[in-house]
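K.L.:
In the numbering used here, the protein residues as written are 19 to 184.
1. Using the Cα positions of residue 176 and residue 92, report the straight-line distance between them to the nearest angstrom.
2. Anyone know if the C-beta pair for residue 158 and residue 47 falls short of 9 angstroms?
3. What's the call for residue 73, buried or exposed, on a 16-neighbour Cβ count within 10 Å?
4. Taking C-alpha atoms, which residue in 34, 53, 149, 58 lies nearest to residue 127?
5. Just list the residues that DSSP pairs residue 5 with in beta bridges.
6. Tell me residue 63's beta-bridge partners as DSSP assigns them.
7. Tell me whether residue 120 is buried or exposed, calling it buried when 16 or more other Cβ atoms sit within 10 Å of its Cβ.
8. So the candidates are 68, 134, 124; which of them puts its Cα closest to the Cα of residue 187?
9. Would you mind sorting residue 172 into buried or exposed? The rule is 16 or more other CB atoms within 10 Å of its CB.
10. If I follow the unbroken beta strand (DSSP E) through residue 120, where does it start and stop?
11. For residue 151, count neighbouring C-beta atoms within 10 Å of its own C-beta (all shown protein chains included) and say buried if the count is 16 or more, exposed if not.
12. Less than 9 angstroms between the C-beta atoms of residue 97 and residue 104, yes or no?
13. Comparing C-alpha positions only, which one of 181, 118, 77, 131 sits nearest to residue 106?
14. What is the DSSP secondary structure of residue 55, counted as helix, strand or coil?
15. Measure the beta-carbon distance from residue 206 to residue 36 and round it to whole angstroms, keeping in mind my assumption that it falls under 8 angstroms.
16. For a test of the three-state rule: what should DSSP assign to residue 108, helix, strand or coil?
So this is what it looks like as structure tokens:
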């Protein structure tokens with residue numbers, strides 16, 4: 019975890035450094051402080067013993083075994099195959115999943131960095147109650163984005179079955 023803030027006051031405005039994470043549905047808007055790393059190289063995925071559409075399975079990252087989430091599976095749509103265009107974002111865990119410190123999320127492309135100044139460029143348009151893992155729908159300029167519910171994601175990670183480390 020970092021002890022710096024990605025929120026910087028600039029002339030009375032709040033600035034947030036963020037990434038737009040491409041998932042199959044609507045892109046996720048995530049602050050940089052939530053992200054540990056973007057993994058682009060070949061990484062093997064060990065599936066769970068019992069099929070769970072919310073997860074791809076387990077990955078090895080920096081000598082740790084991490085659960086790998088499928089945002090599509092989580093939101094009730096079909097889990098997309100992991101392809102050469104897919105990437106993995108490693109997210110910092112601070113709540114229920116903090117025992118493992120990190121977890122992964124499959125992306126359907128490479129993230130895009132964005133600096134947001136609180137000058138009307140981004141605004142929440144509705145709190146989400148019926149899409150698991152989504153806290154808000156928001157507008158970023160003319161683009162619809164989703165703000166993830168990290169508390170829900172980490173609760174899900176904490177409930178993941180233990181990895182089979184044979």
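Built from N, CA and C at the ideal position, the CB exists for glycine as well.
P.N.:
According to the data block:
1. 15 angstroms
2. yes
3. buried
4. 58
5. Residue 5 lies beyond the range of the chain shown here (19 to 184); nothing can be said about it.
6. 77
7. buried
8. Absent from the structure is residue 187, since the part of the chain shown begins at 19 and ends at 184.
9. buried
10. 120 to 125
11. buried
12. no
13. 77
14. strand
15. Because the chain is modelled from 19 through 184, residue 206 falls outside the range shown and cannot be assessed.
16. strand
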